[in-house]
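In UniProt numbering, the protein residues as written are 1 to 277.
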């Protein structure tokens, strides 16, 4: 095949083929009797592999060297296998990051939809109730973190549909960010049936299904989080699960706090230029 056919089948331009040849990435082509470049299927395989490796982030020289090694030793060359495995891990990490971003965007959209400036008495703190099953981990962390980050603008509360003792690791990961939660007690959702609540945030699918109807007008959000107390294994593994829940709640609470403050008219004034100057 001539250079135009090779380039077309490889998906690049003829000038790109010439560049790879001039840089020594591709071997010098065979010349036909008429002096024109002539290529075969092996040349196409080499060029296609080089282009694929370049798309995986390799430099032209690295891609050319590995392509040559693979053509000599076969597709199971250790470096090629390692490169492909590394790319699979990167793709998996990127996919996880995109899924997390999608969840965060959905949460933000739901928060914006749920926030109603008419539903909050601007004279009182914004009352937020976190609900999960046992009120031992997720909802306790939500209550503590909202109080920590939201300050006096919020009245943070938590409850469970089937409350049990506050988990010691929840207390520990809060202590790591200087939040003292040693005196916290688990509470039943029934204690809040007649309380004024502006936002109810359920943190598990089952809690959303079992949560009784609260009196008064309020906005409902659902942030399903895996229960860190269900993670087994060594102490450090379990502790990491609680830290991950703390981090995820922090990420979700940041936009919620600002949107709820704005709806209630409690964002601090943005400092402008000094009119006296």
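Backbone N, C-alpha and C fix where the C-beta goes; we use that ideal spot for every residue, glycine too.
Residue i, DSSP secondary structure in three states
| i | result |
| --- | --- |
| residue 245 | helix |
| residue 128 | strand |
| residue 31 | strand |
| residue 266 | coil |
| residue 233 | coil |
| residue 206 | helix |
| residue 167 | coil |
| residue 259 | helix |
| residue 224 | coil |
| residue 251 | helix |
| residue 182 | coil |
| residue 176 | coil |
| residue 193 | coil |
Among the options, nearest to residue i - alpha-carbon criterion
| i | options | result |
| --- | --- | --- |
| residue 162 | 12, 209 and 175 | 209 |
| residue 289 | 247, 27 and 156 | This structure cannot settle anything about residue 289, because the visible part of the chain is limited to 1 through 277. |
| residue 42 | 54, 9 and 19 | 9 |
| residue 190 | 129, 149, 233 and 89 | 129 |
| residue 148 | 166, 123 and 176 | 176 |
| residue 224 | 254, 183, 82 and 139 | 139 |
| residue 20 | 250, 32 and 44 | 44 |
| residue 255 | 150, 23 and 167 | 150 |
| residue 33 | 2, 204 and 46 | 2 |
| residue 240 | 78, 13 and 170 | 170 |
| residue 235 | 93, 178, 172 and 249 | 172 |
| residue 204 | 229, 243 and 82 | 229 |
| residue 158 | 168, 179 and 188 | 188 |
| residue 218 | 85, 196 and 244 | 196 |
| residue 192 | 211, 178 and 71 | 211 |
Strand pairing of residue i, partner residues [DSSP]
| i | result |
| --- | --- |
| residue 219 | 199 |
| residue 188 | 160 |
| residue 300 | The shown model of the chain, from 1 to 277, leaves out residue 300, and the question about it has no answer. |
| residue 154 | 126 |
Rounded distance between the beta-carbons of residue j and residue i, thought under 8 Å
| i | j | result |
| --- | --- | --- |
| residue 165 | residue 206 | Wrong, their Cβ atoms sit about 19 Å apart, outside the cutoff. |
| residue 27 | residue 38 | Between residue 38 and residue 27 the Cβ distance is about 13 Å, and since that is not below 8 Å, they are no contact. |
| residue 146 | residue 154 | 6 Å |
| residue 48 | residue 131 | That belief does not hold up - the Cβ atoms of residue 48 and residue 131 are roughly 56 Å apart, past 8 Å. |
| residue 126 | residue 194 | Actually they do not touch by this definition, with Cβ atoms about 18 Å apart. |
| residue 66 | residue 53 | 6 Å |
| residue 142 | residue 186 | Not really, about 13 Å apart at Cβ, beyond 8 Å. |
| residue 51 | residue 64 | At roughly 11 Å, the Cβ-Cβ gap does not stay under 8 Å, so residue 51 and residue 64 are not in contact. |
| residue 23 | residue 78 | Not a contact, Cβ separation roughly 26 Å. |
| residue 5 | residue 13 | Not confirmed; about 13 Å, so no contact. |
| residue 220 | residue 251 | Residue 220 to residue 251, Cβ: 20 Å. No contact. |
### Task
Can you check the UniProt domain "HTH merR-type" (1-69) for any alpha helix (DSSP H) of at least 4 residues that lies completely inside it and give the ranges in chain order?
3-10, 14-22 and 41-55
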